[in-house]
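*Asks:*
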Amino acid sequence: MSCALIVIDMQNDFCPGGALAVADGHAVVDPINAMMGDFDAVILTQDWHPADHASFADDLEGAAAFSTVQMPYGPQVLWPRHCVIGSQGAAFHPGLDVSAADLVLRKGFRASIDSYSAFFENDHRTPTGLAGYLHDRGITDLTFAGLALDFCVAWSAMDAARLGFRARVVEDACRAIDLDGSLAAARRAMADAGVTLA
Ligand code: VGL
Ligand code: ZN
0 MSCALIVIDM QNDFCPGGAL AVADGHAVVD PINAMMGDFD AVILTQDWHP ADHASFADDL
60 EGAAAFSTVQ MPYGPQVLWP RHCVIGSQGA AFHPGLDVSA ADLVLRKGFR ASIDSYSAFF
120 ENDHRTPTGL AGYLHDRGIT DLTFAGLALD FCVAWSAMDA ARLGFRARVV EDACRAIDLD
180 GSLAAARRAM ADAGVTLA
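Residue 145 in numbering that gives the first Met the number 0 is what sits at position 146 of the sequence shown, and the numbering runs on without skipping anything.
1. Starting from I112, trace the beta strand (DSSP E) both ways and give me its first and last residue.
2. Tell me whether S54, by its Cβ, gets closer than 7 Å to a heavy atom of the ligand ZN.
3. Roughly how many angstroms separate the alpha carbons of A117 and L133, rounded to a whole number?
4. Quick check on the DSSP output: the alpha helix (DSSP H) that includes I242 runs from which residue to which?
5. Under a Cβ-count criterion, where at least 16 other Cβ atoms within 10 Å of its own Cβ denotes burial, should S155 be classed as buried or exposed?
6. Just checking A159 against the ligand VGL - is the residue's beta carbon closer than 7 Å to any of the ligand's heavy atoms?
7. Would you list the residues sitting across from F91 in a DSSP beta bridge?
8. Should the stretch 138-153 be called in touch with the stretch 32-49, which here means at least 3 C-beta pairs below 8 Å?
9. Near P79, what residues of its chain come up, given a Cβ to Cβ distance below 8 Å and the 5 sequence neighbours on each side ignored?
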C-alpha cells in the first residue's frame with residue numbers, strides 16, 4: 000500500500016482577495032503543509048484556464064456569475080474570471096510548501112470545457128492522466144485537502160473512489176464555496192460514492 004496527499008487548487012484566486020475567493024481559504028495552508036510529511040507522494044493540482052475559458056461568466060452575453068448554464072457536456076456553473084494561465088491569481092498561495100510536491104497537475108486548460116476533478120474534465124470522460132500516474136507508482140490510498148470542498152475537492156474524491164482508489168477527505172484542511180446548498184449536497188454525494196470524510 001502506498002499513499003498520496005492530493006492538494007486541490009491551493010491558489011491565490013481561491014484565497015481572500017482573489018477573484019473567486021473561498022471564505023477563509025488561506026487558513027488551510029499551514030494544516031496542509033503539516034500533513035505533507037505523512038505521505039509517500041504529494042501531488043498539487045492547479046486550476047489553469049485560458050483567458051477565454053467557457054466557465055467565465057463575463058464571456059457570455061447577459062450570463063451572471065454563479066448561475067448555471069447547459070454546456071454540450073452537461074450543466075456548468077459560470078464563475079468570475081479566475082486562475083488565468085500565468086497570472087498571479089493562478090499562482091499557488093505563497094505559504095504553500097510547493098517544494099514538497101512530486102507532481103503539479105494542471106486542469107481546465109481547454110477553453111471549451113471545465114475540469115473540477117483532478118481525474119476527468121467535466122464531461123466525466125476526458126482523462127487528465129492522473130489515474131495512470133498513480134497506478135504506475137503503485138499508489139492506492141488518496142487523501143484530499145484544499146479548495147473548494149464542494150467543487151474541485153468533492154469531484155476529485157468521488158472520481159477517485161469510482162476508479163477504485165481508497166479516498167479520504169480531511170474536512171478541516173478544506174474550505175467550501177457553498178453555493179445554494181452545494182456543501183451539504185457534496186457531503187451527501189461523497190458519502191454515497193464511498194469517500195471517507197475525516
Ligand atoms: C473551482 C470553481 C471553478 C475549485 C475551480 O477549485 O473548486 N471551483 N474552478
Ligand atoms: Zn476554475
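Quick reminder that beta carbons are idealized off the backbone N, C-alpha and C, glycines included.
All of these numbers come straight from a predicted model, not from anything done at the bench.
*Replies:* If we stick to the structure as given:
1. Unbroken run through I112: none, as it is neither H nor E.
2. Flag set: Cβ of S54 near the ligand ZN.
3. 12 Å
4. Outside the displayed span of the chain (0 to 197) sits residue 242, for which this structure offers no information.
5. buried
6. no
7. Q10
8. Yes, the stretch 138-153 touches the stretch 32-49.
9. Closer than 8 Å at Cβ, skipping near neighbours: A18, L19, F55, A56, D57, A64.
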